[in-house]
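Student: Here it is, the structure in full.
Numbering (the working numbering), first residue to last: 1 to 85.
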């Protein structure tokens, strides 16, 4: 699971860049913790944000993925059927 300390580092480092966390949602709980965070990023710092997140991921031992939030992202869904009979 992600520790409060690791999450705090991400939040503090993001705030230092002027990034605002707009939304946090848990997407998985066991055996690993997954969190979705939607953030507002000031113009011109996207590269700095990516570099900071890469550094924090290594330092804190967590996996971080960045994805643009758009309508096309929201439309993607994975559906798995188990049809053993």
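Just so it is clear, CB atoms sit at the ideal spot from N, CA and C, and this is done for glycine as well. The model shown is predicted, which means the values in this text are computed figures rather than measured ones.
Between residue 67 and the ligand PLP, is the CB less than 7 angstroms from at least one heavy atom?
Tutor: Among the ligands in the structure shown, none appear at all, so the ligand PLP cannot be discussed.
Student: Report, in whole angstroms, the separation of the C-beta atoms of residue 39 and residue 10, which I expect to be a contact under 8 angstroms.
Tutor: At roughly 10 angstroms, the Cβ-Cβ gap does not stay under 8 angstroms, so residue 39 and residue 10 are not in contact.
Student: According to the Cβ coordinates, are residue 33 and residue 2 closer than 8 angstroms?
Tutor: In this structure, residue 2 lies closer than 8 angstroms to residue 33 by Cβ.
Student: Might you give, ordered along the chain, the residues of its own chain that have their beta carbon closer than 6 angstroms to the beta carbon of residue 85, omitting 5 neighbours on each side?
Tutor: Since pLDDT at residue 85 reaches only 47, below the 50 mark, its modelled position is unreliable, and the value read off the structure follows with that caveat. Cβ within range, chain order: n/a, list empty.
Student: In angstroms, rounded to a whole number, what distance separates the CA positions of residue 86 and residue 43?
Tutor: The structure shown does not extend to residue 86, since the chain is modelled only from 1 through 85, so no value can be given for it.
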